[in-house]
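Since the structure comes first, as structure tokens, the remarks are kept for the end.
In the numbering used here, the protein residues as written are 23 to 229.
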């Protein structure tokens, strides 16, 4: 381990998706991070199983696909994000894009649940919209990671297609030794103070 590095260990899962107009779906994920970051161990990208959506109004696709990766860096800039791409099958059995979602890995230790909006690209003209409606094929991003970078996003027209629920269990190592503070330390001190106060009160009450 080089001096001046900290580690971010992430486990969890892509739990399920809720969609408006989808009968079946599977999800691809990749991580997007800055040039000062690297993956130490774990799986950097993955692909869930195909799932048939439920027949109720929520139209849930349950994946429960595990996440397990560890990053290292020297600076917080470029904090990792997870980029989700949802695909499904059209009437002809072809893979078509159903939407994209992006979310930062949580900045604090502990268990976190995130509801990630899913957006699908819109056609740039009425003719393209009609063609997409007939064929069932929507515009698709060549590089989904553009959603995490921020550059060029203002040129992309999208609409909400649903949302994905994901859970993250985050552990930070050597983060505070380098002088960084994300609020975790204060919460830990408050928790310790509460525990000590409770133990003191219990001790005083004992005859």
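The beta-carbon is built from N, C-alpha and C at its ideal position, and this holds for glycine as well.
Please work out which residues of its chain come closer than 6 Å, Cβ to Cβ, to residue i, disregarding the five sequence neighbours upstream and downstream, and give them in chain order.
i, result
"residue 68", "51"
"residue 124", "103, 105, 169, 170"
"residue 34", "89, 189, 190, 191"
"residue 167", "54, 105"
"residue 82", "38, 40, 76"
Please work out which residues of its chain come closer than 7 Å, Cβ to Cβ, to residue i, disregarding the five sequence neighbours upstream and downstream, and give them in chain order.
i, result
"residue 135", "187, 189"
Would DSSP call residue i helix, strand or coil?
i, result
"residue 89", "strand"
"residue 186", "strand"
"residue 106", "strand"
"residue 168", "helix"
"residue 203", "coil"
"residue 211", "Confidence in residue 211 is poor, its pLDDT being 46 and thus under 50, which makes the residue's placement unreliable; the coordinate value appears in the next sentence. Residue 211 falls in the helix class under three-state DSSP."
"residue 219", "Because the pLDDT at residue 219 is just 46, under 50, the model does not fix this residue reliably, and the value given afterwards should be weighed accordingly. In this structure, residue 219 counts as helix in the three-state DSSP scheme."
"residue 45", "coil"
"residue 54", "strand"
Taking only the alpha-carbon atoms, compute the straight-line gap between residue i and residue j and give it to the nearest angstrom.
i, j, result
"residue 202", "residue 73", "41 Å"
"residue 214", "residue 65", "Confidence in residue 214 is poor, its pLDDT being 46 and thus under 50, which makes the residue's placement too unreliable to answer from."
"residue 231", "residue 185", "Nothing in the structure corresponds to residue 231, since the chain is present only between 23 and 229."
"residue 31", "residue 53", "13 Å"
"residue 119", "residue 130", "32 Å"
According to the neighbour-count rule (16 or more other Cβ atoms, all chains shown, within 10 Å of its Cβ), is residue i buried or exposed?
i, result
"residue 63", "exposed"
"residue 106", "buried"
"residue 128", "buried"
"residue 95", "buried"
"residue 249", "What is shown of the chain runs 23 to 229, which leaves residue 249 out entirely."
"residue 104", "buried"
"residue 70", "buried"
"residue 40", "buried"
"residue 182", "exposed"
"residue 89", "buried"
"residue 114", "exposed"
The beta strand (DSSP E) that contains residue i, what's its start and end?
i, result
"residue 35", "28-41"
"residue 69", "67-69"
"residue 125", "117-126"
"residue 132", "132-143"
"residue 63", "60-64"
Using a Cβ-Cβ cutoff of less than 8 Å, which residues in the same chain neighbour residue i once the five nearest sequence positions on both sides are dropped?
i, result
"residue 100", "55, 56, 57, 58, 59"
"residue 28", "94, 95, 96, 194, 195, 196, 197, 199, 200, 202"
Between residue i and chain C, is the shortest Cβ-Cβ distance under 8 Å, so that the two count as touching?
i, result
"residue 140", "Of the chains in the structure shown, none is chain C; there is only one protein chain."
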